[in-house]
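Residue numbers (this note's numbering), protein chains in the order written: chain H, 11 to 192; chain L, 26 to 704.
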């Protein structure tokens, strides 16, 4: 009875523990590990999946929690092009880039371990959305880095950055007064 | 200037073929015997002291060539490169049509072949390159000057022609005279102009042409001379000396003739009939090819008008037809005019401002800056017109009341065009000569941008005179402060008044154009100006310097960063500091360190010319008039040269020690590693 009361919370049952032993008709299954019934198994799985989903959303929104701290660090590094500001900005880009590339790794612990393909596909399908959100959150961090670059004046957004690629206009007419020789 | 008159030719020992111009007689007592002495000035400029010898024959005691005091025109000629006949040069001189016909593979192989030859040559000359570095810089005072260009481009030929037709070719490194010629020996000749007819190329030596008038016939005589040797330049079709009847002006035609690669000139006479010089078929073909976009105009100092023409091809003849004419108002005459040098390179098409936006420059090679003078008994005004010479449109017209020449005969109005700037200098007589006749037209002529942007003493004067002026037609006195002195006005032309705006087009045509906007500023110059010139460099990256010839016999340079119309009033903002602009002060401080002529005295400077060297930071400047002075100016300091006390030795030793140290440490580290593995 006690275990059933706790089944809906975060607590997981210890390994090997089964509902059958704790149930009231214990006389029938004394000394033998009884397999949980189908619907109980489904309930267990549903709980696990729920848990995993919750956790995966936490991971997905994790980068957004870093945004204020990174923003503050960038603010403190100043707007001039110095070794420290460049280092901080580049670290930000590199960390975000690596995290995006390692998205799958970050979500491995939330994948359903099961031999049943259908269950597996269903479980992993739920992870697609958190993964997308994770990638977007990393992009927000990179956006911070891009904003910092533009504040330092490193982005070619103004006319003066493209001035050296301009070609001189060719002049259509030729007019001259020459020299007086008389 | 030496005036020509009927010359008497004297037979005097070795000077038998020169003609006298002036003589001064003198007698001295030599050993108790009175002897005649004659100081003779000859027509070619030689001054000689002739003394009566034993047998009453005149001997020349000494003679000096003083013709360099009467220089009329000068031109720089580049000396050819030493490896003139290498394969690579042949390939580059090949016309494009020929190379297009060959297949790419054979062209590539040919290029590799020429690179291999170049590598060979480089390796053989490599040891000699390091000798000067190890020996230390040595100034050679050899007798023979090698007539090849040196690595830094400081050795060029300066060809000068004097008023009597004496031509000198001087090399620019030590001033040695390479050759001298007198083309006026057979007739009375007055040289007017020197043109480089052909800049030196691989197989074609440089040729210069001297245009002058002969007093006998009144024709213009052209001599073509090889600039390196001084000998006459003769081709099959064109003789060394040509005579052009009744020629008034010569105009360079764009495009070259294929055969001799010399410049083609359109010769205009007083009735606007045009002939082509040199008068060969190829030259006429080149002229006809350029005709659709060819315009010319006539302007002369002292004229009251400027007229523009277009050329009409009437079969064999060419006639100039008038297209536009600007007739200056009453009593106004042309004082000086200037155009931009067409061959001048421009390194950036815009001026970058502090907030990273760009003011696009107005670069029109057909732009004429005209300064006119209107002098009456009581007033003197200078007017500036900026004219597009293809259409005759006046894009800018401003008035400088009270300005003029410092004294009759002392020319003070000079104008110069550099990059997109126009620099005008004049003498400001102050309010006592600044009466203006207020007419409605002059009010409209002053642009709003002009009034907003034009600052300094001029604006106060203009404004106060506008306020003081009553009804139109009145002559009013100016109430500005009584300041007299030389002033310099700088105008910069930009395509649009706002930044980041540009006329979007690939070609620039004078017929479809928006009026450019101008930024103007005036500065007071503390000395008397007799001439004005500018530096020029190979790629136009170095900032330009304006050189002034002073009446105190000096040559003074002012960086264009000082003569900048965008200099702010009051404290500079962060953006101004980004642009490195310092606050505006009306007076250009005289800094003795900027004297190009340092302690030397260069008397009577009339003209300043300059040319580029191979180094981007340095420009070669020549000032001539009475004296001839050449110097090298580096307006942005020598940013592309290592300093003289650069530690080559310490650098090389450090590198050698490091390499040796690394090898030694590598050996020991490897040994230790192997030992550790055996333990």
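Cβ coordinates follow ideal geometry from the N, Cα and C atoms, glycine included.
For residue i, collect the residues of the same chain with a Cβ closer than 6 Å to its Cβ; drop the 5 residues on either side in sequence, then sort them by chain order.
{"i": "residue 620(L)", "result": "579 and 581"}
{"i": "residue 248(L)", "result": "208, 235 and 266"}
{"i": "residue 656(L)", "result": "621 and 646"}
{"i": "residue 367(L)", "result": "390"}
{"i": "residue 466(L)", "result": "Only weak support is given to the placement of residue 466(L): the predicted model assigns it a pLDDT of 41, under 50, and the question is left unresolved by the model."}
Against residue i, what residues of chain H qualify as contacts under a CB-to-CB distance less than 8 Å, listed in chain order?
{"i": "residue 375(L)", "result": "169, 170, 173 and 176"}
{"i": "residue 533(L)", "result": "179, 180, 181 and 182"}
{"i": "residue 371(L)", "result": "178"}
{"i": "residue 530(L)", "result": "179"}
Just confirm the distance between the C-beta atoms of residue i and residue j, as a whole number of angstroms; I'd bet it's less than 8 Å.
{"i": "residue 332(L)", "j": "residue 320(L)", "result": "At roughly 11 Å, the Cβ-Cβ gap does not stay under 8 Å, so residue 332(L) and residue 320(L) are not in contact."}
{"i": "residue 329(L)", "j": "residue 357(L)", "result": "7 Å"}
{"i": "residue 606(L)", "j": "residue 515(L)", "result": "13 Å between Cβ atoms; not a contact."}
{"i": "residue 545(L)", "j": "residue 590(L)", "result": "6 Å"}
{"i": "residue 398(L)", "j": "residue 324(L)", "result": "Incorrect: roughly 14 Å between the Cβ atoms, too far for contact."}
{"i": "residue 185(L)", "j": "residue 96(L)", "result": "5 Å"}
{"i": "residue 70(H)", "j": "residue 147(H)", "result": "7 Å"}
{"i": "residue 459(L)", "j": "residue 404(L)", "result": "6 Å"}
{"i": "residue 382(L)", "j": "residue 169(H)", "result": "6 Å"}
{"i": "residue 556(L)", "j": "residue 571(L)", "result": "Contact flag wrong, Cβ pair sits at about 11 Å."}
{"i": "residue 216(L)", "j": "residue 237(L)", "result": "4 Å"}
{"i": "residue 84(H)", "j": "residue 154(H)", "result": "6 Å"}
{"i": "residue 136(H)", "j": "residue 22(H)", "result": "Actually they do not touch by this definition, with Cβ atoms about 19 Å apart."}
Spatial neighbours of residue i within its chain, please: CB distance less than 8 Å, with the 5 preceding and 5 following residues excluded, ordered by chain position.
{"i": "residue 344(L)", "result": "297, 298, 299, 336 and 337"}
{"i": "residue 598(L)", "result": "379"}
{"i": "residue 661(L)", "result": "567, 568 and 642"}
{"i": "residue 626(L)", "result": "578, 579 and 652"}
{"i": "residue 28(L)", "result": "Residue placement at residue 28(L) is flagged as unreliable, the pLDDT there being 36, under the threshold of 50; a coordinate-derived value is accordingly withheld."}
List, in order along the chain, the chain L residues whose C-beta lies closer than 7 Å to that of residue i?
{"i": "residue 189(H)", "result": "218, 274 and 275"}
{"i": "residue 192(H)", "result": "238, 245, 272 and 273"}
{"i": "residue 185(H)", "result": "320, 321, 322, 391, 414 and 415"}
Apply the 10 Å Cβ neighbour rule to residue i and answer buried if 16 or more other Cβ atoms are within range, or exposed otherwise.
{"i": "residue 49(L)", "result": "exposed"}
{"i": "residue 685(L)", "result": "exposed"}
{"i": "residue 172(H)", "result": "exposed"}
{"i": "residue 51(L)", "result": "exposed"}
{"i": "residue 475(L)", "result": "Low confidence applies to residue 475(L): its pLDDT is 46, below 50, so where it sits in the model is not reliable, and the reading given next is rough at best. It counts as buried."}
{"i": "residue 407(L)", "result": "buried"}
{"i": "residue 291(L)", "result": "buried"}
{"i": "residue 82(L)", "result": "exposed"}
{"i": "residue 252(L)", "result": "buried"}
{"i": "residue 698(L)", "result": "exposed"}
{"i": "residue 596(L)", "result": "exposed"}
{"i": "residue 151(L)", "result": "exposed"}
{"i": "residue 687(L)", "result": "exposed"}
{"i": "residue 425(L)", "result": "buried"}
{"i": "residue 261(L)", "result": "exposed"}
{"i": "residue 387(L)", "result": "buried"}
{"i": "residue 180(H)", "result": "exposed"}
{"i": "residue 54(L)", "result": "exposed"}
Closer than 7 Å by beta-carbon distance: list the chain H residues that pair up with residue i, in chain order.
{"i": "residue 228(L)", "result": "By Cβ distance, chain H contributes nothing, its closest Cβ being about 28 Å from residue 228(L), past 7 Å."}
{"i": "residue 525(L)", "result": "169"}
{"i": "residue 279(L)", "result": "184"}
{"i": "residue 325(L)", "result": "190"}
Which chain H residues are close to residue i, counting only those with a beta carbon under 9 Å from its beta carbon?
{"i": "residue 549(L)", "result": "Within chain H, no residue comes near residue 549(L); the closest Cβ sits about 31 Å away, beyond 9 Å."}
For residue i, which residues from the same chain have a beta carbon less than 7 Å from its beta carbon, with the 5 sequence-adjacent residues on both sides left out?
{"i": "residue 128(H)", "result": "none"}
{"i": "residue 601(L)", "result": "379 and 593"}
{"i": "residue 152(H)", "result": "103 and 106"}
{"i": "residue 196(L)", "result": "170, 180, 182 and 203"}
{"i": "residue 353(L)", "result": "329, 330 and 397"}
{"i": "residue 451(L)", "result": "407, 425, 428, 429, 437, 438 and 512"}
{"i": "residue 308(L)", "result": "282, 289 and 301"}
{"i": "residue 113(H)", "result": "141, 144 and 145"}
In the segment 300–316 of chain L, which residues sit with their C-beta less than 8 Å from some C-beta in chain H, listed in chain order?
315
When you check each C-beta in the segment 377–403 of chain L against every C-beta of chain H, which residues fall closer than 9 Å?
377, 378, 380, 381, 382, 383, 385, 388, 389, 390, 391 and 393
In the segment 620–648 of chain L, which residues sit with their C-beta less than 9 Å from some C-beta in chain H, listed in chain order?
none
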